[in-house]
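Undergrad: Here it is, the structure in full.
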Amino acid sequence: MRYKWRRLLLRSLEGTLSDRKQRRLDAALENHPQLKADRAMLEQTQQWFDKAPEFSFQPFFAQRVTQRIYKAVQDPPDLFVLIYSKFKRLAIAASLIIALLISINIMQNHSYPVIYNYLISNMTVEETFTPNLAESLEDLL
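Quick note on our numbering: the sequence shown kicks off at 675 and runs consecutively.
Given below as structure tokens:
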């Protein structure tokens, strides 16, 4: 469809054509079946839009969207927070399983894990509170 015929069709649907142009369009519609089909399609589209429900956004919608975008750009989520939020349940379950396994090991073997051997000192209470000055003086002499 040429631009001038499309323009005339659209203006005729709006009802803004002069009588002379409307007669010219009517004559063209009688002679060209493709133009008539295009008019039917445009009328159907216009009816479809007329039947569609009106939709409007709530007040200050654009400002709220802009603020959300600005906040997302300004405050990107911390990597630790993202990892923590994703693996929170997994970490809790893993720590409970580890605590359970350690307690089972202690109850079965009646011994502490190997790491406790390095953490527990072999010093006695007397050695802790009385300095070994005599030994250190003998070493100096």
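We put the CB at the ideal spot given by N, CA and C, even for glycine.
Measure from the alpha carbon of Leu699 to the alpha carbon of each residue in Ile757, Lys678, Gln718, then state which is nearest.
TA: For Leu699, the nearest C-alpha among the options comes from Lys678.
Undergrad: Quick test of the definition: if touching needs 3 or more C-beta pairs under 8 Å, does the segment 740–759 touch the segment 707–725?
TA: No, because fewer than three Cβ pairs between the segment 740–759 and the segment 707–725 fall closer than 8 Å, the two stretches do not touch.
Undergrad: Using CA coordinates, which residue listed in Phe761, Lys745, Ser759, Arg685 is at the minimum distance from Gln720?
TA: Closest option to Gln720, Cα to Cα, is Arg685.
Undergrad: Can you round the beta-carbon distance between Ala702 and Leu691 to whole angstroms, since I take them to be within the 8 Å contact cut?
TA: Wrong, their Cβ atoms sit about 12 Å apart, outside the cutoff.
Undergrad: What three-state label does DSSP hand Leu691 in the structure shown?
TA: Coil at Leu691, not helix or strand.
Undergrad: Rounded to whole angstroms, what is the Cα-Cα separation between Phe735 and Leu683?
TA: The straight-line gap from Cα to Cα measures roughly 36 Å.
Undergrad: Taking just the CA atoms, how far does Ile771 sit from Ile778?
TA: If you take the alpha carbons of Ile778 and Ile771, they lie about 10 Å apart.
Undergrad: Between which two residues does the alpha helix (DSSP H) carrying Asp712 extend?
TA: 707–725 is the span of the alpha helix (DSSP H), which, as asked, contains Asp712.
Undergrad: Give the DSSP-derived three-state secondary structure of Arg738 in the structure shown.
TA: Reduced to three states, the DSSP call for Arg738 is helix.
Undergrad: How would you write the range of the alpha helix (DSSP H) that Arg763 sits in, first residue to last?
TA: Start and end: 753–783.
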